[in-house]
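Engineer:
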């Protein structure tokens, strides 16, 4: 294959699409983006931009026509259209059948069970009344976590139910009910698999959440785990991508519970927020790795050259309107602080407006600088 | 200043412009490119592309209208138009008066002399007959180097004249005649100066030329110099940018002659081929540094985190037509090899089609991988 033959259609033009295009641009790969927002982060550097809804069958079909290779930067797309494009001969990675499993958190959990991947105990329900019935009859114990099977993301569509009095707040849609596991750590391992079946895993990252927004506040890589747990996390993630038979990059989000068990929580079949740091801290970024994987190129080294901390730059509470960035200059003054702005035209509370990756010669040094960035860098309206 | 206010007009859309946009894209800075080739490397990722000749006064004036800030990726532009845009209130870095000095190798040499910057002895001539006369009268000794005052680049417009019999091949245009200095090493130091007068220097790089094409074949960073010579190279480059009072990134190309003296050879007032490696090997790339400098942001750290070798990917001898890349897969298999393809639609002998930066934990390790890349990576038609 010749580099000039590498053209790529991307469903979605958010920050993940944008950073994928930044990686593709190094090889002068032409990238075509479909997104409903004309001012989406990826539009500015895409080779061509198509304005349209990636959830719509006809729109995706039209977008995909004549494109040899297609990928996604968001799961919530018309997989029906991707199945059809695949049938017509397009190369689609991740494959639509993988997306069908991952888009449905119920199917995802069943997949974990079938493949002996460790995961929190769960049951599937179709409605609120069904769950209420199970609680009343004593077959379902509180507390538990309810996750919408489809449509939820970035913490939306997930809730913890602790008391019977709160059952009225249950989502009245098909959902997964999962035992509430006491969590020691939230981890993510990004793995990749190329068209030849070659696999690679990045070092595990540890996520620290903003409790209010239920969004990752910062992540630390490598995670503070002992060698055996690092190895187990890696093996589990590799087992997952092999079981899925998937091509591309896969983020395997895991819990380390209080009992010391590692549980697979959720999958994202694409470059992921927890892998932003790889751009500056690893030999091969997750974005380049995704391109290598889907085009059948050799996977790159996942070794880190520096410990790294990633801080999401979220819209401030109450912020709404045109974004104003604070502390930008001060952060640029710190060596090893890399700022990424996504170019979103509107700030909203907790919206991901950018991120900073902070490198240090030690993790402690990186963490210290990261705290400075967290206090200094703000986006208001 | 707000990141969203950072818009930039760039004269020239070659690989330097492309990599400048790649850096700007991280901050979601909108970049507008003017180039005579619609399929130039930067066109694909520019926010807007204007098809036109950057040497033409009217074209540059029209391009610059309404743009707050303008820079260049090639010196050979209409500085008359830039003077006019500056007079109209646009921020132009590097300033047109700096470009006027640098575009004329005669003025450059006189500038070195006036500012006590060490440089090879020279005289200026207007025509071939004038030079011949000086040789005949014994006032000018052979061998010498003739450099066209304007219009030469990438080794073109430069020739060594060793014998009286070759005087007929002299360029019959205004030129610099320079003593032929026996050269130990060719070096380049990239320095930056921001609008606040803050300066920074990158570690010196050592260039190895392809003797046939007179183009850099690979460069090695850090250069193999003793500590004192490293320091002298840095001080000389910083003295140069301060003397020029220039804002932006400046490549100061130097010779270390056989006598052990450091001589300034030529300047390039922009990101430079000898700084490509900074993308992967330094905390701040030369491209980001240029943006920081011209927008008055704090300069970034120039520290290297790995020794690096850069290999230009040149069109093969006799190659002419649509490019075919060889050895791409094999090179991607080597950890720490970063390939950049410029996306030029036509290969010509010795045309710069891309480059590879090779990192290693030691310079020897990087050099070994670089040799593999040099033997493996080829572009033919």
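Chains as they are written, first to last, in this note's numbering: chain A, 14 to 394; chain B, 14 to 394.
Heads up, the beta-carbon is just placed ideally off N, CA and C, and yes, glycines get one too.
(1) Pull up the DSSP beta-bridge partners for residue 325 of chain A, would you.
(2) Measuring straight from C-alpha to C-alpha, what distance separates residue 67 of chain A and residue 80 of chain A?
(3) Strictly below 7 Å CB to CB, what residues from chain B border residue 342 of chain A?
(4) Please report whether the beta-carbon of residue 221 of chain A lies at a distance below 8 Å from any beta-carbon of chain B.
(5) Chain A beta carbons: is any one of them nearer than 8 Å to that of residue 260 of chain B?
(6) Helix, strand or coil, according to DSSP, for residue 153 of chain B in the structure here?
(7) Quick one: is residue 375 of chain B buried, meaning 16 or more other Cβ sit within 10 Å of its Cβ, or exposed?
(8) Under 8 Å, Cβ to Cβ, is there at least one residue of chain B near residue 57 of chain A?
(9) Write down the C-beta distance between residue 352 of chain B and residue 341 of chain A rounded to the nearest angstrom, noting that I regard them as a contact closer than 8 Å.
(10) With a threshold of 16 other CB atoms inside 10 Å of the CB of residue 51 of chain A, please say whether the residue is buried or exposed.
(11) At least one CB of chain A closer than 8 Å to the CB of residue 328 of chain B: is that the case?
(12) Since residue 190 of chain A meets chain B, which of its residues come closer than 9 Å, beta carbon to beta carbon?
(13) For residue 172 of chain A, collect the residues of the same chain with a Cβ closer than 6 Å to its Cβ; drop the 5 residues on either side in sequence, then sort them by chain order.
(14) Helix, strand or coil for residue 255 of chain B, going by three-state DSSP, please let me know.
(15) Run the CB neighbour count on residue 142 of chain B, radius 10 Å, all protein chains shown included, and call it buried at 16 or more, exposed below.
(16) Could you pull out every residue in the same chain whose Cβ sits closer than 8 Å to the Cβ of residue 132 of chain A, ignoring the five residues on either side in sequence?
(17) When the Cα atoms are used, what is the spatial distance from residue 205 of chain B to residue 217 of chain A?
(18) Considering only the beta carbon of each residue, do residue 190 of chain B and residue 115 of chain B sit closer than 8 Å?
(19) Quick one, which of B:69, B:233 and B:134 has its alpha-carbon nearest residue 378 of chain B's?
(20) Which term fits residue 188 of chain A, buried or exposed, when burial requires 16 or more other beta carbons within 10 angstroms of its beta carbon?
(21) How big is the Cα-Cα spacing for residue 267 of chain B and residue 118 of chain B?
(22) Within the present structure, is the beta-carbon of residue 65 of chain B separated from the nearest heavy atom of the ligand PLP by less than 7 Å?
(23) Between which two residues does the beta strand (DSSP E) holding residue 344 of chain B run?
(24) Using the Cα positions of residue 312 of chain B and residue 59 of chain B, report the straight-line distance between them to the nearest angstrom.
(25) For the stretch 17-25 of chain B against the stretch 69-80 of chain B, do three or more pairs of beta-carbon atoms, one drawn from each stretch, fall closer than 8 Å, so that the two count as touching?
(26) Would you tell me roughly how many angstroms separate the C-alpha atoms of residue 210 of chain B and residue 254 of chain B, rounded to the nearest one?
(27) Using the three-state DSSP reduction, which class does residue 85 of chain A fall into: helix, strand or coil?
(28) Just mark residue 225 of chain B as buried or exposed, buried being the case when its beta carbon has 16 or more other beta carbons within 10 Å.
(29) So what's residue 43 of chain A in DSSP terms, helix, strand or just coil?
(30) I need the DSSP call for residue 73 of chain A, collapsed to helix, strand or coil.
(31) Hey, residue 350 of chain B and residue 386 of chain B are a contact pair by Cβ (cut 8 Å); roughly how many whole angstroms apart?
(32) DSSP three-state label for residue 197 of chain A, please.
(33) Compare the C-beta of residue 141 of chain A with all C-beta atoms of chain B and state if any pair is closer than 8 Å.
(34) What in chain A is Cβ-close to residue 41 of chain B, meaning under 9 Å?
(35) Take residue 343 of chain B as the anchor and find which of A:273, A:244, A:309 and A:370 has the nearest alpha-carbon.
(36) In whole angstroms, what separates the C-alpha of residue 338 of chain A from that of residue 55 of chain A?
Structural biologist: To lay it out plainly:
(1) Beta-bridge partners of residue 325 of chain A (DSSP): A:368.
(2) About 15 Å.
(3) By Cβ distance, chain B contributes 310 and 311.
(4) At least 8 Å separates the CB of residue 221 of chain A from every CB of chain B.
(5) Residue 260 of chain B has a beta carbon lying at 8 Å or more from every beta carbon in chain A.
(6) Coil.
(7) Exposed, because fewer than 16 other Cβ atoms sit within 10 Å of the Cβ of residue 375 of chain B.
(8) Closer than 8 Å to some Cβ of chain B, the Cβ of residue 57 of chain A qualifies, so yes.
(9) No, residue 352 of chain B and residue 341 of chain A are not in contact; Cβ-Cβ is about 32 Å, not under 8 Å.
(10) Looking at its Cβ environment, which holds fewer than 16 other Cβ atoms inside 10 Å, residue 51 of chain A is exposed.
(11) No, residue 328 of chain B does not count as interfacial toward chain A.
(12) Chain B residues near residue 190 of chain A: none, gap ~41 Å exceeds 9 Å.
(13) For residue 172 of chain A, same chain residues with a beta-carbon under 6 Å away, outside a window of 5 residues either side, are 159 in chain order.
(14) The three-state reading of DSSP puts residue 255 of chain B in helix, counting H, G and I together.
(15) Exposed.
(16) Excluding sequence neighbours, residue 132 of chain A sits near 122, 125, 126, 276, 277 and 278.
(17) Residue 205 of chain B and residue 217 of chain A: Cα-Cα distance of roughly 37 Å.
(18) No Cβ-Cβ contact shorter than 8 Å links residue 190 of chain B with residue 115 of chain B.
(19) When each option's Cα is compared against that of residue 378 of chain B, the closest is B:233.
(20) By the neighbour-count criterion, in which 16 or more other beta carbons inside 10 Å mark a residue as buried, residue 188 of chain A falls on the buried side.
(21) Their Cα atoms are separated by approximately 14 Å.
(22) Absent from the structure shown: the ligand PLP. Ligands present: none.
(23) Careful: residue 344 of chain B lies outside any beta strand (DSSP E), inside the alpha helix (DSSP H) at 341-345.
(24) Using only the alpha carbons, I get a separation of about 24 Å.
(25) Verdict: yes, contact present.
(26) The straight-line gap from Cα to Cα measures roughly 10 Å.
(27) Strand at residue 85 of chain A.
(28) Label assigned to residue 225 of chain B: exposed.
(29) Residue 43 of chain A falls in the strand class under three-state DSSP.
(30) Reduced to three states, the DSSP call for residue 73 of chain A is helix.
(31) 6 Å between Cβ atoms; contact.
(32) Annotated three-state conformation of residue 197 of chain A is strand, per DSSP.
(33) By this cut-off, residue 141 of chain A is not an interface position.
(34) Per Cβ cutoff of 9 Å: 31, 54, 57, 353, 354, 355, 356, 357 and 367.
(35) Looking at the Cα atoms, A:309 is the closest of the given residues.
(36) Going from the Cα of residue 338 of chain A to the Cα of residue 55 of chain A covers about 20 Å.
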